[in-house]
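Keeping their order, the protein sequence lines are chains A and B.
424 is the number of the first residue of the first sequence in our numbering; add one for each residue after it.
424 is the number of the first residue of the second sequence in our numbering; add one for each residue after it.
Protein chains: 2
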Amino acid sequence: MDVSQIAQIRSFNRAVTRRVGALDDSYLRRGRPLGEARLIFEIGPEGAGLGELRSRLGLDSGYLSRMLRSLEAQGLVSVCKLDGDARSRRAILTEKGRAEHAAYDALSDDLANSILEPLSVSARDRLTAAMAEVERLFAATSITVGEEAADTAEARQCLARYFGELAQRFEEGFDPGRGNTTTKDDFIPPMGSFVIARLDGSPVGCGALRMIDPATAEIKRMWVAPSARGLGVASRMLHKLEAIATGFGAKTVCLDTNRSLKEAQSLYRREGYNEIARFNDNPYADHWFAKRL
Amino acid sequence: MDVSQIAQIRSFNRAVTRRVGALDDSYLRRGRPLGEARLIFEIGPEGAGLGELRSRLGLDSGYLSRMLRSLEAQGLVSVCKLDGDARSRRAILTEKGRAEHAAYDALSDDLANSILEPLSVSARDRLTAAMAEVERLFAATSITVGEEAADTAEARQCLARYFGELAQRFEEGFDPGRGNTTTKDDFIPPMGSFVIARLDGSPVGCGALRMIDPATAEIKRMWVAPSARGLGVASRMLHKLEAIATGFGAKTVCLDTNRSLKEAQSLYRREGYNEIARFNDNPYADHWFAKRL
DNA sequence: CAATTTACCTGATCAAAGTCAGATAAATCT
DNA sequence: AGATTTATCTGACTTTGATCAGGTAAATTG
Chain A
424 MDVSQIAQIR SFNRAVTRRV GALDDSYLRR GRPLGEARLI FEIGPEGAGL GELRSRLGLD
484 SGYLSRMLRS LEAQGLVSVC KLDGDARSRR AILTEKGRAE HAAYDALSDD LANSILEPLS
544 VSARDRLTAA MAEVERLFAA TSITVGEEAA DTAEARQCLA RYFGELAQRF EEGFDPGRGN
604 TTTKDDFIPP MGSFVIARLD GSPVGCGALR MIDPATAEIK RMWVAPSARG LGVASRMLHK
664 LEAIATGFGA KTVCLDTNRS LKEAQSLYRR EGYNEIARFN DNPYADHWFA KRL
Chain B
424 MDVSQIAQIR SFNRAVTRRV GALDDSYLRR GRPLGEARLI FEIGPEGAGL GELRSRLGLD
484 SGYLSRMLRS LEAQGLVSVC KLDGDARSRR AILTEKGRAE HAAYDALSDD LANSILEPLS
544 VSARDRLTAA MAEVERLFAA TSITVGEEAA DTAEARQCLA RYFGELAQRF EEGFDPGRGN
604 TTTKDDFIPP MGSFVIARLD GSPVGCGALR MIDPATAEIK RMWVAPSARG LGVASRMLHK
664 LEAIATGFGA KTVCLDTNRS LKEAQSLYRR EGYNEIARFN DNPYADHWFA KRL
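Take a look at the structure:
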């Protein structure tokens with residue numbers, strides 16, 4: 424790993440914590456412990472279930488309960504049943520609580536403003552763009568790639584978005600039925616597999632595998648959501664699928680792709696795939712690739 | 424202020440604090456309170472004076488003293504006199520303490536690594552570049568612009584760097600003596616002024632003003648350090664100088680500049696200066712500007 | 001040289017933060 | 001229906017972080 428990149432991340436962490444500590448300080452200036460302030464903020468104008476609050480703030484159940492009692496005593500929060508389940512309860516802000524919430528909200532805005540204010544217009548644009556980039560790439564860190572069933576609602580949704588995109592990008596259009604030789608049963612172990620990439624639980628990519636003979640696996644349905652492109656999700660899914668193929672005894676992985684999917688082609692080449700002759704009669708395929716495992 | 428930019432900053436703060444909180448957690452996993460861990464980290468392999476530690480960590484002197492006593496009891500730190508002043512003391516790490524410091528250092532590296540590791544090489548480059556940009560623009564937030572004497576060592580250093588840059592950039596070269604009609608006394612109120620822009624105490628820019636008649640001020644010596652360009656420092660110094668000129672009774676501000684300083688020319692135009700006819704015989708000037716206050 | 005300031009230490013005290021072992025009541029399982 | 005699980009609450013307790021008043025010895029000031 425590049426030492427200067429590690430140094431950059433550490434220096435960034437230092438610079439940013441200093442800045443964000445300022446927010447905690449301004450929260451404290453309202454004369455309430457930080458824990459309570461955060462709780463008010465997290466409950467929000469719409470209220471929140473206690474379990475949700477516990478997991479979001481990482482609090483012990485007794486601790487949360489006591490803080491809520493304190494906020495109730497201050498007349499800021501009321502905790503009511505009102506859910507299907509009479510055990511679980513929900514915290515909502517009173518009118519006074521909503522005013523406090525708004526005050527904390529304003530403090531957060533003030534901090535943001537104080538960061539933007541001394542900057543020129545173009546510097547502001549550059550700062551927010553860089554922040555968005557950092558945030559997006561941070562998110563990439565928590566993307567997971569896992570084998571899942573291909574017939575769940577979420578898997579189907581990925582495939583629908585994939586097909587939708589093909590229809591948009593192929594010059595000749597795209598009809599999922601035409602030339603399709605696979606059924607959903609093709610992606611079930613041990614003759615196939617299906618992986619989904621997830622960010623905070625929501626799918627942001629998928630990929631499928633099926634064995635076309637005992638030594639050859641074919642990769643299909645590789646798709647990454649537009650919001651998650653450029654984060655290396657596709658290559659992580661590809662590695663996962665190759666590992667699964669190896670487990671199935673495959674010696675070779677092959678795949679096809681359409682001429683308009685340029686990024687896909689460069690991904691495959693980068694990952695060690697070589698272009699080969701047509702090996703199927705997929706009417707939408709223009710290039711065929713294979714890689715020895 | 425742009426609402427979406429404020430939202431971006433707030434969302435960035437949330438995303439980043441979550442990530443950086445992970446570092447505190449990993450520090451805690453070494454079974455020592457965060458305060459002590461930070462103290463070990465801050466003392467560092469070279470040791471540090473107690474006053475320095477107090478101001479860097481923002482600690483009460485009693486609190487620091489007690490933590491040092493605790494670290495001494497654990498055999499991690501030793502506090503010795505050894506300075507010119509027998510009141511002030513210096514904390515240094517024992518061998519065991521240096522080992523602890525190295526362990527904390529490794530944890531910081533691990534966090535940085537865990538952020539980089541899932542990313543592709545190009546994504547890593549983009550992340551660190553975006554982080555550097557955020558850091559630089561954050562730093563801009565704490566740049567101050569203030570009126571200072573023009574004959575201090577630091578002011579002179581700014582001017583030397585300014586002249587050095589002119590020598591490099593002017594096609595015809597630059598000799599500070601040639602055609603220079605100002606002396607250092609020109610930049611002393613109430614007939615002139617000198618401002619310095621500082622980032623964390625170090626000068627990153629300067630600018631000067633002198634009255635050439637009771638209603639006209641001339642701006643000179645505008646310079647921004649290469650490391651601080653693109654942060655709006657020049658326009659902040661310009662505004663400061665204009666405000667000072669107004670205070671001196673000036674109705675007009677004028678200035679000259681060399682043809683090779685393109686950024687300067689566009690800055691002046693952006694700030695409402697109009698090109699006028701030659702008003703002095705500065706041999707290095709190619710453009711003359713003025714602005715009514 | 002006496003008075004003051006500075007740099008650090010000690011002891012007392014506090015609130016905030018966090019943990020843990022039950023208690024209670026509703027929901028779910030067998 | 002009885003046993004178990006789940007969601008929350010209560011009370012007891014600990015640690016951490018922080019503040020403050022006063023104390024000591026060295027350095028500086030007038």
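From the three backbone atoms N, C-alpha and C, an ideal C-beta is built for every residue, glycine too.
Short CB-CB distance (under 8 angstroms) between Q428 (chain A) and chain B: The residue you call residue 428 (chain A) lines up with position 5 of the first sequence. Yes, because at least one Cβ of chain B sits closer than 8 angstroms to the Cβ of Q428 (chain A).
Which two residues bound the contiguous alpha helix (DSSP H) that contains K519 (chain A)? As a first step, residue 519 (chain A) must be located in the first sequence, where it is residue number 96. Residues 518-539.
Tell me the rounded alpha-carbon separation between S488 (chain A) and A620 (chain B). The residue you call residue 488 (chain A) lines up with position 65 of the first sequence. The residue you call residue 620 (chain B) lines up with position 197 of the second sequence. S488 (chain A) and A620 (chain B): Cα-Cα distance of roughly 51 angstroms.
Taking S449 (chain B) as part of the alpha helix (DSSP H), name the residues at either end of that continuous run. Translated into positions along the second sequence, residue 449 (chain B) becomes position 26. Here the alpha helix (DSSP H) through S449 (chain B) covers 426-451.
Thinking R592 (chain B) and L661 (chain B) are a contact (beta carbons under 8 angstroms), I'd like their distance in whole angstroms, please. Mapped onto the second sequence, residue 592 (chain B) falls at position 169. Mapped onto the second sequence, residue 661 (chain B) falls at position 238. With 8 angstroms as the limit, R592 (chain B) and L661 (chain B) do not qualify as a contact, their Cβ atoms being about 20 angstroms apart.
What does the Cβ neighbour count give for S650 (chain A), buried or exposed, with the cut at 16 atoms within 10 Å? As a position in the first sequence, residue 650 (chain A) is number 227, starting the count at 1. Classification of S650 (chain A): exposed, given that the 10 Å Cβ count is below 16.
Sub-8 angstroms separation of F464 (chain A) and M554 (chain B) beta-carbons: Counted from its first residue, the first sequence places residue 464 (chain A) at position 41. Counted from its first residue, the second sequence places residue 554 (chain B) at position 131. Contact flag unset, no.
Nearest-angstrom Cα distance between A514 (chain A) and E540 (chain B)? Here residue 514 (chain A) corresponds to residue number 91 of the first sequence, with the count starting at 1. Here residue 540 (chain B) corresponds to residue number 117 of the second sequence, with the count starting at 1. Answer to the nearest angstrom: the Cα atoms are 39 angstroms apart.
When DSSP builds the beta bridges, which residues end up paired with C503 (chain B)? Sequence index remark: in the second sequence, residue 503 (chain B) carries index 80 (1-based). Paired residues: B:R513.
Quick check: the stretch 554-563 of chain B against the stretch 433-450 of chain A, are there 3 or more CB pairs under 8 angstroms? yes
Could you give the residue range of the beta strand (DSSP E) that holds T639 (chain A)? Position 216 of the first sequence holds residue 639 (chain A). Unbroken beta strand (DSSP E) run through T639 (chain A): 639-647.
Span of the alpha helix (DSSP H) holding M660 (chain B)? Along the second sequence, read from residue 1 onward, the residue named residue 660 (chain B) stands at position 237. From DSSP, the alpha helix (DSSP H) with M660 (chain B) extends over 656-670.
Under 8 angstroms by beta carbon: chain A residues contacting L560 (chain B): The count along the second sequence starts at 1 and reaches residue 560 (chain B) at position 137. Going along chain A in sequence order, the residues near L560 (chain B) (Cβ under 8 angstroms) are L542, A546, R549, L550, A553.
Report buried or exposed for S616 (chain A), applying the criterion of at least 16 other Cβ atoms within 10 angstroms of its Cβ. Working through the first sequence from its first residue, we reach residue 616 (chain A) at position 193. Flag for S616 (chain A) reads buried.
Assess contact between the stretch 632-651 of chain A and the stretch 661-680 of chain A, defined as three or more Cβ pairs (one per stretch) separated by less than 8 angstroms. Is contact present? yes
Please classify K685 (chain A): does DSSP put it in a helix, a strand, or coil? Sequence index remark: in the first sequence, residue 685 (chain A) carries index 262 (1-based). Correct three-state label for K685 (chain A): helix.
Would you call the stretch 706-716 of chain A in contact with the stretch 516-535 of chain A, where contact means no fewer than 3 C-beta pairs closer than 8 angstroms? no
Nearest-angstrom Cα separation, counted from A657 (chain A) out to S543 (chain B): For the purposes of this step, residue 543 (chain B) is taken as residue 120 along the second sequence, with counting starting at 1. For the purposes of this step, residue 657 (chain A) is taken as residue 234 along the first sequence, with counting starting at 1. Roughly 10 angstroms between the two C-alpha positions.
I need the DSSP call for S616 (chain B), collapsed to helix, strand or coil. Your numbering for residue 616 (chain B) matches position 193 in the second sequence. Three-state result, S616 (chain B): strand.
In this structure, does DSSP put F712 (chain A) in helix, strand or coil? By 1-based counting over the first sequence, the position of residue 712 (chain A) is 289. Reduced to three states, the DSSP call for F712 (chain A) is strand.
Considering Cα atoms alone, identify which of A:I699, A:L505, A:V627 is closest to D679 (chain A). Counting from 1 along the first sequence, the entry for residue 679 (chain A) is found at position 256. Residue A:I699 is the option with its Cα nearest to D679 (chain A).
With contact counted as at least three CB pairs below 8 angstroms, one residue from each stretch, are the stretch 587-603 of chain A and the stretch 690-708 of chain A in contact? yes
Taking only the alpha-carbon atoms, compute the straight-line gap between V439 (chain B) and V439 (chain A) and give it to the nearest angstrom. In the second sequence, residue 439 (chain B) corresponds to position 16, counting from 1. In the first sequence, residue 439 (chain A) corresponds to position 16, counting from 1. Straight-line Cα distance between these residues: approximately 8 angstroms.
Runs of beta strand (DSSP E) wholly within the stretch 563-610 of chain A (minimum 3 residues, chain order): 566-570
Three or more C-beta pairs under 8 angstroms: does that hold for the stretch 440-459 of chain B against the stretch 490-503 of chain B? yes
Name the chain B residues whose beta carbon is nearer than 7 angstroms to that of R442 (chain A)? Locating residue 442 (chain A) in the first sequence gives position 19, where the first residue counts as 1. Within chain B, the residues near R442 (chain A) are F561.
Cβ-Cβ separation, A573 (chain A) to A666 (chain A) (assumed contact under 8 angstroms), whole Å: In the first sequence, residue 666 (chain A) corresponds to position 243, counting from 1. In the first sequence, residue 573 (chain A) corresponds to position 150, counting from 1. 18 angstroms between Cβ atoms; not a contact.
Which word fits Q428 (chain B), buried or exposed, when buried means at least 16 other C-beta atoms lie within 10 angstroms of its C-beta? Translated into the one-based positions of the second sequence, residue 428 (chain B) becomes position 5. Q428 (chain B) should be labelled buried.
Can you find a C-beta in chain B that's less than 8 angstroms from the C-beta of G470 (chain A)? Counting from one through the first sequence, the residue named residue 470 (chain A) turns up at place 47. G470 (chain A) does not count as touching chain B.
Label A563 (chain B) either buried or exposed according to how many other C-beta atoms from any shown protein chain fall within 10 Å of its C-beta, with 16 as the threshold for buried. Residue mapping note: residue 563 (chain B) aligns to position 140 of the second sequence, counting from 1. The residue in question, A563 (chain B), is buried, as its Cβ has 16 or more Cβ neighbours within 10 Å.
E459 (chain A) touches chain B at which residues, Cβ-Cβ below 9 angstroms? Here residue 459 (chain A) corresponds to residue number 36 of the first sequence, with the count starting at 1. Chain B residues near E459 (chain A): none, gap ~18 angstroms exceeds 9 angstroms.
Residue range of the beta strand (DSSP E) that includes G628 (chain A): The residue given as residue 628 (chain A) occupies position 205 in the first sequence. Looking at the DSSP string, the run of the beta strand (DSSP E) that includes G628 (chain A) is 625-636.
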